[in-house]
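**Student:** Numbering (the numbering used here), first residue to last: 885 to 1792. Glycine included, C-beta positions come from ideal geometry on N, C-alpha and C. Here it is, the structure in full.
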């Protein structure tokens, strides 16, 4: 019934496309009029549009003219005219939706339409790419169109200076990677002045490869961190012990990616740790004083059992570098958190870096949701449409192709063993190679790609290999993968951003020519020769059947499989795709092995034979759907918890912005001083209490500690004063102290000093608060055993911690200002930088009395008594309890009372 209805009334996607086609007709009707304009008249259109927007006209009222102008500019600059389906893609992007366009349909050109239109407001447009190469390439390539029309273009890549970043973000259209945008946002919220910031407020973003950025990378938050204590020796020691464990010493669950020690593993580790003096004799790994070691053991165990070199990470130049599981790229500058990266470094025998403490963090979900207007484009998003709608409120619309798709997708071939599968793949590659048909082989890891490469080398088949180890050559290798006899092995094809053109990519070859060493005639002749050769190669490849894509196994996500398939059949070109599977593949072995093995046994599968069966394909698709659903839950859960932090982050960053933009931070000092004084006084003088119950001596001591003022209690002991009057008197004393400092150091210096102290104090308590939230997150899931919702518990406790952070901020800030001292001999009232230098020095060297008692980052252990070690009974002195050490509650008390310890000295 559903199929019949769909045939008559169409799908929701069909209805959206149908609605947009009349819009395209209106744009096309303007083409003759726009083509008649001169280059200068076409450029003047931008100034005209900007004026109309400034007059209050909505962008939608300019859409037909603006799109027609961009189309004509692209035709004059690049000789490329937007197809009608590309205009549809542009309309979809402008309307806050995701455009799913097949590989080779020109998504990069499509983005110029909404980017130009939305840049007319002057608020900036961000076009987000997945790597620096694409950001640089697209900004230079498409930038010519924008500049032809009078708009400015910027590009953000890694290792740029703040001045260059600020300049790039001030342009009308800025190309940047998702990582650079996120980190710039975090860094901006750690700066001390408005002038040093680089970003403008978020306006409109177009995300290229939107599924890669908003789905695949959403599980990993962006984190800026700083080093903490050096524990590198401990990681190496634990690593040595974990290496000695056997498979009987731990239980591993590959589905959930968890590993736990068995009883024998715990016993073996404890014995080894005693021998290494890591724990004391007769104590357990899980005793309270040894709990910190459990963390190191768990991370070392994960590193050895769940993380594999050349699959999850590679070792390059003495560093452990993470590989993105979806794209196969090295994730430059990223490290696993919670000591896992250090455990991997110890495992691989490279230098163990210090652990880091989080200073600022944000997820991509919460960063991109800050944009008032967001859209995206990709070749594969329909399988993730529900998540994009649920998390980002983005509809996905599949755009029709310009030419009908001629690609042939063959059924999967399933083999009993990996060896049989590789033999079948080799046979197909040989066949294609002999017929000069280009082949793209997709693998899921570096390890698998190098296995296949070894097999091809043995059979003397020339090939290129593309994985994280050869990241620099990525664009060229992919661009030439469509040449005759080209065999390319690639680790995942997500977001490569480079077309595979049949016959080769002439632009890439021309760019490699050394134009300076050639005369104009020689250069032109060489270019013509390259073009002629590519045309001949293209005819040869088309005759051979186009690009043949081979998948060596199914990926966890159907979308990644579709991305690989989509590399063939570009813009109506012929092509073929086929996946080869075996029962030894990870996905089959972990998720679908039993069911499929049973089916294959029933069907009588023999060694070296392949089988095609719809039931197996359905079973495999269900396995992929399960993994996709599991990964979605991980991302959704991450977002639920980050939303709690996001609300707090928003408050802190707004407060920080207010401080930076304020001319004088004295207002904050006055406000916080009033709150602090009232809180302190009311803690020692209860409202409506008798004077005999007032603890005035303790009050005086606290005022000296916090405000550096000596409060003479004799002045109020003999007077009939209320707590309100006492608060007023203390407030006046603190105000007088502040005014005295302003007089001594100068208004300008004091103003800058107070602002600087407030910002650094806010950063300190926020950093410590993030540290506390990290610890809270690690153990909150255990609340489920007590029939409590971990998320609700996290919200409740995170709110309590946030309130505590604000109290700490208030007290630390007023205390630091009250204790502030600047050496008058070296004071230059006209040099702001000197004030910052002095304050920085003070922050680094001055002993702050507040931290001994009110450090918001202190964990619960710091409030406990020092941990006691086990002491041999014969070494205990009966009359000296300090010599007893750790005693079990049911042990006889060492005092000789013959009572159990819990009923004797253990009650004290």
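Closest to residue 1013 by CA distance: which of 982, 1260, 935 and 1245 is it?
**Tutor:** Nearest C-alpha to residue 1013: 1260.
**Student:** Residues in the same chain with beta-carbon distance under 8 Å from residue 956, minus the five sequence neighbours each way, listed in chain order, please.
**Tutor:** If we look at residue 956 and ignore the five residues flanking it on each side, its Cβ neighbours are 915, 918, 919, 921 and 926.
**Student:** So residue 1038 and residue 1047 are supposed to be a Cβ contact under 8 Å. How far apart are they, rounded?
**Tutor:** No, residue 1038 and residue 1047 are not in contact; Cβ-Cβ is about 12 Å, not under 8 Å.
**Student:** Under the three-state reduction of DSSP, which class applies to residue 1691: helix, strand or coil?
**Tutor:** Here residue 1691 sits in helix by DSSP.
**Student:** Which residue from 1045, 966, 1004 and 1058 puts its Cα closest to that of residue 1024?
**Tutor:** When each option's Cα is compared against that of residue 1024, the closest is 1058.
**Student:** Hey, quick one: how far does the beta strand (DSSP E) through residue 981 stretch, first residue to last?
**Tutor:** Segment 981–984, the beta strand (DSSP E) holding residue 981.
**Student:** Got a sec, what are the start and stop residues for the alpha helix (DSSP H) residue 1237 sits in?
**Tutor:** Looking at the DSSP string, residue 1237 is not in any alpha helix (DSSP H), and its letter there is neither H nor E.
**Student:** Out of 1650, 1138 and 1243, which has the shortest C-alpha to C-alpha gap to residue 1690?
**Tutor:** Looking at the Cα atoms, 1650 is the closest of the given residues.
**Student:** So is the beta-carbon of residue 1581 under 7 Å away from any non-hydrogen atom of the ligand SAH?
**Tutor:** Inclusion of the ligand SAH in the displayed structure is not the case, the ligand content being empty and no account of it being possible.
**Student:** If you run the structure through DSSP and keep just helix, strand and coil, what is residue 1372?
**Tutor:** Residue state, collapsed to three classes: strand.
**Student:** Note down, one range per segment and in chain order, each alpha helix (DSSP H) of at least 4 residues found wholly within the stretch 1185–1210.
**Tutor:** The stretch 1185–1210 contains no whole alpha helix (DSSP H) run of 4 or more residues.
**Student:** What's the gap between the Cα of residue 983 and the Cα of residue 1087?
**Tutor:** The straight-line gap from Cα to Cα measures roughly 19 Å.
**Student:** Is residue 1605 helix, strand or coil when you go by DSSP?
**Tutor:** Three-state result, residue 1605: coil.
**Student:** Is residue 1617 closer than 8 Å to residue 1625 when the C-beta atoms are compared?
**Tutor:** No. Outside cutoff.
**Student:** What residues are listed by DSSP as bridge partners for residue 1088?
**Tutor:** Note: residue 1088 sits in a beta bridge opposite 1009 and 1257.
**Student:** Nearest CA to the CA of residue 1292: which residue from 940, 1457 and 962?
**Tutor:** Comparing Cα positions, the closest option is 1457.
**Student:** Can you tell which of 1670, 1595, 1640 and 1701 has its C-alpha closest to the C-alpha of residue 1623?
**Tutor:** Minimum Cα distance to residue 1623 is reached at 1701.
**Student:** Note down the Cα distance separating residue 1677 from residue 1105, rounded to an integer number of angstroms.
**Tutor:** Distance between the alpha carbons of residue 1677 and residue 1105: 22 Å.
**Student:** Check whether the stretch 957–975 and the stretch 1268–1284 are in contact - that is, three or more C-beta pairs closer than 8 Å.
**Tutor:** Touching, per the Cβ criterion.
**Student:** Classify residue 989 as helix, strand or coil using the three-state DSSP reduction.
**Tutor:** It is coil, neither helix nor strand.
**Student:** Using three-state DSSP, classify residue 1733 as helix, strand or coil.
**Tutor:** In this predicted model, residue 1733 has a pLDDT of only 29, less than 50, meaning its place in the structure is not dependable; the value taken from the coordinates is given anyway. Correct three-state label for residue 1733: helix.
**Student:** What number of angstroms, rounded off, separates the C-alpha of residue 1445 from the C-alpha of residue 912?
**Tutor:** Each residue's Cα considered, the two are about 36 Å apart.
**Student:** Quick one: complete beta strand (DSSP E) runs, 3+ long, within the stretch 1016–1048?
**Tutor:** You should have 1037–1039.
**Student:** Thinking C-alpha only, which one of 1779, 1758 and 1771 is nearest residue 1764?
**Tutor:** If we check each option's Cα against that of residue 1764, 1779 comes out closest.
**Student:** Run through DSSP, which three-state label would residue 1241 get?
**Tutor:** Note: residue 1241 maps to strand in three-state DSSP.
**Student:** Residue range of the beta strand (DSSP E) that residue 1060 falls in?
**Tutor:** First-last of the beta strand (DSSP E) with residue 1060: 1057–1061.
**Student:** Buried or exposed for residue 1645, going by 16 or more other Cβ atoms inside 10 Å?
**Tutor:** Its Cβ being crowded by 16 or more others within 10 Å, residue 1645 is buried.
**Student:** How long is the line joining the alpha carbons of residue 1049 and residue 1063, rounded to whole angstroms?
**Tutor:** When rounded, the distance between both Cα atoms is 14 Å.
**Student:** I need the straight-line Cα distance from residue 1147 to residue 1134, nearest angstrom please.
**Tutor:** Each residue's Cα considered, the two are about 8 Å apart.
**Student:** What residues are listed by DSSP as bridge partners for residue 1460?
**Tutor:** Note: residue 1460 sits in a beta bridge opposite 1292 and 1432.
**Student:** Check this for me: beta carbons of residue 1094 and residue 1032, under 8 Å apart or not?
**Tutor:** Taking 8 Å as the Cβ cut-off, residue 1094 and residue 1032 do not qualify as a contacting pair.
**Student:** Going by beta-carbon coordinates alone, are residue 1504 and residue 1438 separated by less than 8 Å?
**Tutor:** Yes, the Cβ-Cβ distance between residue 1504 and residue 1438 is below 8 Å.
**Student:** Between which two residues does the alpha helix (DSSP H) carrying residue 1298 extend?
**Tutor:** Per DSSP, residue 1298 belongs to no alpha helix (DSSP H); it is in the beta strand (DSSP E), 1297–1299.
**Student:** Look at the alpha carbon of residue 1236 and the alpha carbon of residue 1230, and state the distance between them as a whole number of angstroms.
**Tutor:** The alpha-carbon atoms of residue 1236 and residue 1230 are separated by roughly 6 Å.
**Student:** By how many angstroms is the C-alpha of residue 1769 removed from the C-alpha of residue 1748?
**Tutor:** Because residue 1748 carries a pLDDT of 28, less than 50, the predicted location of this residue cannot be relied on, and the following value inherits that uncertainty. Going by the C-alpha atoms only, they are around 16 Å apart.
**Student:** Are the stretch 1120–1137 and the stretch 1147–1157 touching, with three or more C-beta to C-beta distances below 8 Å?
**Tutor:** Yes: at least three Cβ pairs fall under 8 Å.
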